[in-house]
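Those letters in the sequence shown? Residues 16 to 145, by the working numbering.
Note that the Cβ used here is the ideal one computed from N, Cα and C, for glycine as well.
Nothing here was measured: the structure is a model prediction, and the numbers come from that model.
One structure is given below, encoded as structure tokens.
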Amino acid sequence: MSIEWTEGKAIYLQIVEHISGEIAAGNLKPGQKIKSVREYAIELNVNPNTVQRALHELEREGILCSHRNTGRFVTDSTKMIEKMRREQAEQAVCDFCSKMMELGYDLGAAEKFFHEKAGTLFLSQGKLIG
Numbered sequence: 016m017s018i019e020w021t022e023g024k025a026i027y028l029q030i031v032e033h034i035s036g037e038i039a040a041g042n043l044k045p046g047q048k049i050k051s052v053r054e055y056a057i058e059l060n061v062n063p064n065t066v067q068r069a070l071h072e073l074e075r076e077g078i079l080c081s082h083r084n085t086g087r088f089v090t091d092s093t094k095m096i097e098k099m100r101r102e103q104a105e106q107a108v109c110d111f112c113s114k115m116m117e118l119g120y121d122l123g124a125a126e127k128f129f130h131e132k133a134g135t136l137f138l139s140q141g142k143l144i145g
């Protein structure tokens, strides 16, 4: 696992975003055991307390759950995961739209640009688009 750290943003929040992104993308499955605090800390070269804070936040949000003496697991709730996935997709769209407006695109031009680029990207990844 590799995270490109963003300057000025708390590391624990970046870990939260990365792990929740892995869950939303399906790379971590419902009910799957995740790495330990120590494993993440070593892999990311960060303080274990930082990882602990990130995992605690994911537990507070209901995305992860702890089982005594066995570790942390991705929630079994596919409804919760789908909600999180949709929220992340909405944020990506908002970010895209904001940037396009900053660049002076109107809705029609932004939509055309999106379809051209998305089509190319989806096809290059072997994904079918409708």
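| query | Can T65 and I26 be called in contact, C-beta distance under 8 Å? | reply | Residue numbering aside, residue 65 sits at position 50 when the sequence shown is read from its first letter. Residue numbering aside, residue 26 sits at position 11 when the sequence shown is read from its first letter. Yes, Cβ-Cβ distance for T65 and I26 is below 8 Å.
| query | Where do the N-terminal and C-terminal ends of the alpha helix (DSSP H) with L59 fall, by residue? | reply | As a working mapping, residue 59 is identified with position 44 in the sequence shown. Looking at the DSSP string, the run of the alpha helix (DSSP H) that includes L59 is 52-59.
| message | With DSSP as the reference, identify every bridge partner of F88, one or two as the case may be. | response | Working through the sequence shown from its first residue, we reach residue 88 at position 73. Note: F88 sits in a beta bridge opposite K48, C80.
| said: Is the beta carbon of L73 closer than 8 Å to that of S17? | reply: For the purposes of this step, residue 17 is identified with residue 2 of the sequence shown, where counting begins at 1. For the purposes of this step, residue 73 is identified with residue 58 of the sequence shown, where counting begins at 1. The criterion of a C-beta distance shorter than 8 Å is not satisfied by S17 and L73.
| Which word fits I96, buried or exposed, when buried means at least 16 other C-beta atoms lie within 10 angstroms of its C-beta? | By one-based count along the sequence shown, residue 96 stands at place 81. By the Cβ neighbour-count rule, I96 is buried, with 16 or more other Cβ atoms within 10 Å of its own.
| task | Indicate whether N62 and A69 have their beta-carbon atoms separated by less than 8 Å. | result | By 1-based counting over the sequence shown, the position of residue 62 is 47. By 1-based counting over the sequence shown, the position of residue 69 is 54. No, the pair does not count as a contact, with Cβ atoms beyond the cut-off.
| message | Less than 8 Å between the C-beta atoms of V108 and Q47, yes or no? | response | Residue numbering aside, residue 108 sits at position 93 when the sequence shown is read from its first letter. Residue numbering aside, residue 47 sits at position 32 when the sequence shown is read from its first letter. No, the Cβ-Cβ distance between V108 and Q47 is not below 8 Å.
| task | Pick helix, strand or coil for I26, following the three-state DSSP scheme. | result | As a position in the sequence shown, residue 26 is number 11, starting the count at 1. I26 falls in the helix class under three-state DSSP.
| field | As assigned by DSSP and simplified to three states, the class of A104 | value | In the sequence shown, counting from the first residue as 1, residue 104 sits at position 89. Note: A104 maps to helix in three-state DSSP.
| Nearest to D91 (by Cα), restricted to the options G134, E22, K44, E19 | Residue numbering aside, residue 91 sits at position 76 when the sequence shown is read from its first letter. Cα-wise, what sits closest to D91 is K44.
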